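Residue numbers (the working numbering): 1357 to 1516. Here's the structure we're looking at; comments come further down.
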């Protein structure tokens, strides 16, 4: 294996509380955070191996709240990949993929590949989540809806 690592910058975006930080912490530290703390900006590093080559992923976590719309673009320069996230238990967060996030990302990161990520898959069949959604005549986002949104925005792929 070569000693020189390839460095790639991955920026994660999406609505507040859609699971962005949890995804990065689980990926980089292999542990699930117990408490929700809104992020302003956080960076994580994950070393992975692909085809006998070490890849150093710089994982840039961004704030989804509107209060940070003016700060978030500072994280975009030199991005190699965008993870655009929504929460499976929040159809509104999926709608915001096309209403907000796609335009922002394509403006600041033209030609950067986007991977659409559906977080909180475990809540798709959770009784409490289903009851909460039913109050608003909503249901969890289906895999098919996620794939359709990925195609609509021109994402490289869709994962849950």
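Backbone N, C-alpha and C fix where the C-beta goes; we use that ideal spot for every residue, glycine too. This structure is a prediction, so every number in the text was calculated from the model and none was measured.
- Counting only residues of its own chain and dropping the five nearest sequence neighbours on each side, residue 1381 has a CB closer than 8 Å to the CB of 1387, 1388, 1389, 1400.
- Counting other Cβ atoms within 10 Å of its Cβ, residue 1459 stays below 16 and is therefore classed as exposed.
- The continuous alpha helix (DSSP H) containing residue 1461 extends over residues 1458-1464.
- In the assembly as shown, residue 1491 is an exposed residue. Its beta-carbon has fewer than 16 other beta-carbons within 10 Å.
- Sorting 1506, 1416, 1467, 1360 by C-alpha distance to the C-alpha of residue 1454 places 1506 at the top.
- Non-local beta-carbon contacts of residue 1464 in its own chain, meaning distances under 7 Å to residues more than five positions away in sequence, involve 1429, 1432 in chain order.
- Per DSSP, residue 1510 is not a residue of any alpha helix (DSSP H), being assigned neither H nor E.
- Residue 1402 is bridged by DSSP to 1413.
- Judged by beta-carbon spacing, residue 1474 lies within the 9 Å limit of residue 1444, meaning their Cβ atoms are closer than that value.
- In summary, residue 1365 is buried, with 16 or more beta-carbon neighbours lying within 10 Å of its beta-carbon over all protein chains present.
- In this chain, the alpha helix (DSSP H) harbouring residue 1385 covers 1376-1385.
- Judged by DSSP secondary structure, residue 1490 falls within the alpha helix (DSSP H) whose first and last residues are 1483-1491.
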